[in-house]
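> To convert, count from 1 in the sequence shown and add 43; that's my numbering. Glycine is no exception: its CB is placed at the ideal position from the N, C-alpha and C atoms. This is the structure I want to talk about, given as structure tokens.
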Amino acid sequence: MLETKEIRDIYEGKGFQGELLDRIVRTITANKDVWVAVMMAEEHQLSPVDRGTAMKAAWVVGLSAIIGSLAPILPFIFLPVSVGCGFRF
Numbered sequence: 044m045l046e047t048k049e050i051r052d053i054y055e056g057k058g059f060q061g062e063l064l065d066r067i068v069r070t071i072t073a074n075k076d077v078w079v080a081v082m083m084a085e086e087h088q089l090s091p092v093d094r095g096t097a098m099k100a101a102w103v104v105g106l107s108a109i110i111g112s113l114a115p116i117l118p119f120i121f122l123p124v125s126v127g128c129g130f131r132f
């Protein structure tokens, strides 16, 4: 399998060889979650993402977009149209 060879190449490049290399490859490829985590970290140099932090950032960006979008239309919501037109950007 190509991915197994990639794991082997990664750890062979780190200096492992022989039976120890075989054990490392078997251990990593035995668990799909570990295997994916190793491939992401070693091959693609990606670190795990904390979903809590990502969701918080998404809320902040979404709320900021809503607030920023309201600013140009607030004069039309709270003032008569004739007065609100004087405040347009």
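Would you please state the rounded distance, in angstroms, between the beta carbons of Thr47 and Val68? I believe it to be under 8 angstroms.
The pair is a contact, with the Cβ atoms about 6 angstroms apart (cut-off 8 angstroms).
> By the three-class DSSP mapping on this structure, what secondary structure does Pro91 have?
If DSSP states are grouped into helix, strand and coil, Pro91 belongs with coil.
> Would Leu89 and Met83 qualify as a contact pair, given that the criterion is a beta-carbon distance under 7 angstroms?
Their beta carbons are under 7 angstroms apart, which means Leu89 touches Met83 by this criterion.
> Look at the Cβ atom of Thr70, then the Cβ atom of Trp78, and state whether they are nearer than 7 angstroms.
Cβ atoms of Thr70 and Trp78: not closer than 7 angstroms.
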